[in-house]
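Residues 1 to 480 (the UniProt record's numbering) are what the sequence shown spells out, left to right. All C-beta atoms, glycine included, are put in the ideal place defined by N, C-alpha and C. Before any comments, here is the structure.
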Amino acid sequence: MVTSASVPRLVIAAPSSRSGKTTVATGLMAAFAARGLAVSPHKVGPDYIDPGYHALATGRVGRNLDAYLCGPELVGPLFLHGARGCDIAVVEGVMGMYDGAAGEGELASTAHVAKLLRAPVVLVVDASSQSRSVAALVHGFVSWDPEVRVGGVILNKVASDRHEELLREALEQVGVPVLGVLRRAPQVDTPSRHLGLVPVAERRAEAVEAVAAMAAQVAAGCDLDALAGLARSAGALSCAAWDAAEVVSSPTHHPTRSDERPGRQVGATGAVRAVGVLAAVPRVAVAGGPAFTFSYAEHAELLTAAGAEVVRFDPLRDEELPEGTSGLVIGGGFPEVYASELSANEPLRKAVAVLAESGAPVAAECAGLLYLCRELDGQPMCGVLDAGARMTERLTLGYRDAVAVGDSVLAAAGTRMRGHEFHRTVVEPGSGAEPAWGVRTPRRRVEGFVQRGVHASYLHTHWASRPGVARRFVERCRTS
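In C-alpha cells form, the structure reads like this:
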C-alpha cells in the first residue's frame, strides 16, 4: 500500500517559460488518470490558472506549492495533504527551473521545491530551434546543482524524424534518458491574454478538449511506464501531512494575542466553540464563477475548520448573497474582462454594499478589491470603497513582504505576511479608509484598504502560512 509520505512523484521543469511545461504536466496527469490512477496535481508558485487545467485532467483540486508565500517548511506538508489517497503525483514547475523569488537565491524555484519534495525532475526542452546544442543546454541544467536529480528529458516541438534523431544522438553524450518526444501540435495550445492562460471557468468545453488533446499527445509521445518508474524513485518524506483543523486549533500557529478571545476554546475538530455551548455557525460567502477564479483550496478548508459554513456564489449570475451571509471573501480573477456584466448585476452590488456597511467582515484580494471600488473603467461597481480603478499597460508583478498597518478582520497590527502581486490595473483612492499593508517592494509603501469590517488589497496571500487569519475572520463573523 502506498502511503502519502511515499507517494510516487515527478516534478516537471523547463529551462525557461513557454517551453511546454503546462502541456506536458497536464497531459501527463490526464494520461496517468486514464490508466485508472488517482493523480495528485500540484503547481509550483502562486499561479492560479494552471491548477484549473490540472483539476480537469485529474478530477482533483489543483494545489499550489509556494516556498515563498508559505515557507519551505510547509511545502512537504501541503504536498502530502493534497496527495492523500493518491497513486502518483505530478508537480508542474514555474518559469525556468532555477528561477525563484528575485534576490532570494533558489527560494521558491522549481529546483528548490523538487529538493524539498525529494522528487526526480523531468526537464521539458523546447527543441524547435536547435539540434546538437540541446546537449550543452541539458548538461548545464543537470550539473548546475548536484542536489537536483534530473531523471530524464522530454523533447518538445520536434519538427521531424530526422530532427528527433539528431537530438537523441546529442543527448547520448549527456547520459540523461529521453523519456518523450512531442511533435509540434498547435491544436493543444490554450489561449492567453494579459495575465496568462484563459481560466478553465471561462472556456470549460474548449478546455476539456484541450486537456484531452494534451493527454493524447503525451500518451503517444512519452514512455509512461518509464515516467511512472522514475516517479517511484522519489525519496520518502519525514514530515506529516498538513491538516486544516489541526493548524487552526494549535496555539503555535496564532502568534498574535488579538486572535484570542476570552471564554472561547477550539475543539479537536477545529470548530470554535463557546465554553459550555456550541457557537453559532457563521455562513461565509465566497465569490466564484468566471470573474473570480483565483483562490487557494486551503482558504476554504481553513474557514471550514475554524467553524464556518462556506457557500459559493457567482457575482455574474446571482442577484443576492447566500441567505444568512455573515462574512464575504472575494478573491482574484478578471473583473476587468467582465466589468459590464458585474456592473449590470445591480442587485448584488447593492447587497455587497449593504453587508459591508453593516460592519460584517469582508476580505477582498486584487479582483475583489476592484469589485469593491466605486467604479472600474467607468463601470459602476459596489461602491464600498471611495476609490476608482482602471486598466493600464503596466504590469505589476512580484512577491511582497508585508506587515499589517493596523488591526483588521484578517490580522492584528504588526502581523507579517508574504504576498504576491499580479495585475495591470491601478486604484486611485479617495477617503475614508486606512491602508491594509506596509509593503517592501524594494521601496517601502502602503497598500490596500481597511474600512470597518473590510480588508481589501492587491496582495494575494496564502492563509496556510498564517492560519490565525481564518480563525480571526470567522470569529469576527460571529461577533459582528
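Contacting residues, own chain, Cβ-Cβ under 7 Å from residue i (five flanking each side not counted)
i, result
"A300", "V286, V310"
"A220", "none"
"V469", "L410, A411, W463"
"D99", "S109"
"A241", "S4, P77, L80, H81, R84"
Per-residue burial, residue i [other beta carbons within 10 Å of its own, 16 or more giving buried]
i, result
"D161", "exposed"
"V354", "exposed"
"L117", "buried"
"E319", "exposed"
"L137", "buried"
"P146", "exposed"
"R471", "buried"
"E357", "exposed"
"S340", "exposed"
"W437", "buried"
"S431", "exposed"
"A413", "exposed"
"G368", "buried"
"V272", "With a pLDDT of only 36 at V272, under the threshold of 50, the placement of this residue in the model should not be trusted; the figure read from the coordinates follows. Answer is buried; the Cβ neighbour count reaches 16."
"G332", "buried"
"E447", "buried"
"T26", "buried"
"R35", "exposed"
"P442", "exposed"
Among the options, the one whose alpha carbon lies nearest that of residue i
i, options, result
"residue 492", "A215, V125, V211", "Nothing can be reported for residue 492: it is not among the residues displayed for the chain, which extend from 1 to 480."
"L397", "P199, R374, E421", "E421"
"H423", "E434, G406, A436, Y399", "Y399"
"S133", "K21, D223, H163", "H163"
"E323", "V352, S250, N345, E336", "V352"
"A159", "S128, A170, A135", "S128"
"P72", "R394, E246, R418", "R418"
"P199", "V426, R445, L80, S295", "S295"
"R317", "G288, A5, G27", "G288"
"V148", "K350, V91, D314, T110", "T110"
"S17", "V405, E346, L197", "L197"
"L459", "V426, E475, R452", "V426"
"G151", "P120, R445, W144", "P120"
"R168", "Q451, Q130, D50, R440", "Q130"
"G473", "F292, E172, A364", "Checking the sequence shown, residue 473 turns out to be Phe, not Gly. Considering only alpha carbons, the answer is A364."
"A234", "L10, L166, D47", "L10"
"G378", "G388, V384, L372", "G388"
"M95", "A402, G140, A297, D47", "D47"
"R466", "E172, S249, P335", "S249"
"E104", "D401, E336, E475", "D401"
Beta-carbon contacts of residue i that lie in its chain and below 6 Å, excluding the five residues immediately before and after
i, result
"A30", "A57, V211, A215"
"A226", "L179"
"A101", "Y68, L107, A108, Y399"
"V24", "I12, V124, I154"
"L237", "A5, G76"
"L37", "D87, I88"
"E434", "G406, V450"
"P429", "A387"
"L372", "A364, C382, V384, L385, A456"
Identity of the residues DSSP links to residue i by a beta bridge
i, result
"H455", "A363, V450"
"H460", "H420"
"H42", "R63, V91"
"W437", "A404, E447"
"G332", "F294"
"E309", "R283"
"L10", "V90"
"V125", "L155"
"T325", "R283"
Sequence-distant residues of its chain with Cβ nearer than 8 Å to residue i (five each side left out)
i, result
"A205", "none"
* Asked: Going along the chain, which unbroken runs of the beta strand (DSSP E) with 3 or more residues stay wholly within the stretch 177 to 231?
  -> Correct list: 178 to 183.
* Sequence ranges, alpha helix (DSSP H) only - wholly within the stretch 353 to 428, length at least 4 -> Runs of the alpha helix (DSSP H) inside the stretch 353 to 428: 367 to 372.
* Kindly provide the ranges of any beta strand (DSSP E) runs that are 3 or more residues long and lie completely inside the stretch 87 to 115, ordered along the chain. => Counting whole runs of 3 or more residues, the stretch 87 to 115 contains the beta strand (DSSP E) stretches 88 to 92.
* Contained beta strand (DSSP E) runs [length at least 3] in the stretch 144 to 170, N- to C-terminal order -> Restricted to the stretch 144 to 170, the beta strand (DSSP E) segments that are unbroken, complete and at least 3 residues in length are 150 to 158, listed in chain order.
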